[in-house]
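Colleague: Letter 7 of the sequence shown, counting from 1, is numbered 27 in my numbering, and no numbers are missing.
Virtual Cβ for every residue (Gly too), placed ideally from N, Cα, C.
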Amino acid sequence: QVQLVESGGGLVQPGGSLRLSCAASKFTFSMYAMSWYRQAPGKERELVAAITGAGGSTNYADSVKGRFTITRDNAKNTAYLQMNSLKPEDTAVYYCAAGGWLRNPFYWGQGTQVTVSS
21 QVQLVESGGG LVQPGGSLRL SCAASKFTFS MYAMSWYRQA PGKERELVAA ITGAGGSTNY
81 ADSVKGRFTI TRDNAKNTAY LQMNSLKPED TAVYYCAAGG WLRNPFYWGQ GTQVTVSS
């Protein structure tokens, strides 16, 4: 079945950077928009960034614009989220998702924890 496997999460100090990866398999990766969502404790899951199948268009939450960059490598079936200038409020479980556009993805990864703390 479809698999989305996130990696790259961890503990980072405020102002630091992390790069999340999402390795996809068992579907035609280039045909699907890819997204990153996050969910902080006690909060609803929110869309962080999205990228179209060919990578020509992207969308970001206002809270991460200018700090986060979503990219994809269709030859490697992998999506990425480069996170710079991290803030404590970026602390959350980050999920990779496939399909849909800005809402209702078809498939979800298991999530990776990102903690921003000194």
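Identify, in the order they occur along the chain, each residue of the same chain with its Cβ nearer than 7 Å to the Cβ of Trp128, setting aside the five sequence neighbours on each side.
Modeller: Here the question's residue 128 lines up with position 108 in the sequence shown. Excluding sequence neighbours, Trp128 sits near Leu24, Tyr115, Ala117.
Colleague: Where does the unbroken beta strand (DSSP E) through Tyr80 begin, and where does it stop?
Modeller: Sequence index remark: in the sequence shown, residue 80 carries index 60 (1-based). For Tyr80, the uninterrupted beta strand (DSSP E) run begins and ends at 78 to 80, by DSSP.
Colleague: Once DSSP output is grouped into helix, strand and coil, what is the label at Glu66?
Modeller: The sequence position of residue 66 within the sequence shown is 46, counting from 1. Strand.
Colleague: What separation, rounded to the nearest whole angstrom, lies between the Cα atoms of Gln130 and Glu26?
Modeller: Numbered from its first residue, the sequence shown carries residue 130 at position 110. Numbered from its first residue, the sequence shown carries residue 26 at position 6. If you take the alpha carbons of Gln130 and Glu26, they lie about 7 Å apart.
Colleague: Tell me which same chain residues have a C-beta within less than 6 Å of the C-beta of Tyr80, skipping the five on either side of it?
Modeller: The sequence position of residue 80 within the sequence shown is 60, counting from 1. Closer than 6 Å at Cβ, skipping near neighbours: Ala69.
Colleague: I believe Glu19 touches Tyr57 by the beta-carbon criterion, under 8 Å. Please report the beta-carbon distance rounded to the nearest angstrom.
Modeller: No answer is possible for residue 19: it lies beyond the span of the chain, which begins at 21 and ends at 138.
Colleague: Which first and last residues belong to the beta strand (DSSP E) in which Gln23 is found?
Modeller: Translated into the one-based positions of the sequence shown, residue 23 becomes position 3. Segment 23 to 27, the beta strand (DSSP E) holding Gln23.
Colleague: Can you give the Cα-Cα distance for Lys96 and Pro108, rounded to whole angstroms?
Modeller: Indexing the sequence shown from 1 puts residue 96 at position 76. Indexing the sequence shown from 1 puts residue 108 at position 88. Cα to Cα, Lys96 sits roughly 31 Å from Pro108.
Colleague: Starting from Val113, trace the beta strand (DSSP E) in both directions and tell me its first and last residue.
Modeller: The count along the sequence shown starts at 1 and reaches residue 113 at position 93. Its beta strand (DSSP E) spans residues 112 to 118.
Colleague: What does a CB cutoff of less than 6 Å around Thr91 pick up in its chain, not counting 5 residues either side in sequence?
Modeller: Here residue 91 refers to the residue found at position 71 of the sequence shown. These residues qualify, in order along the chain: Tyr100.
Colleague: Excluding the 5 residues flanking Gln33 on each side, which residues of the same chain have their C-beta closer than 6 Å to its C-beta?
Modeller: Against the sequence shown, residue 33 aligns to sequence position 13. So the list reads Ser138, once near-sequence residues are dropped.
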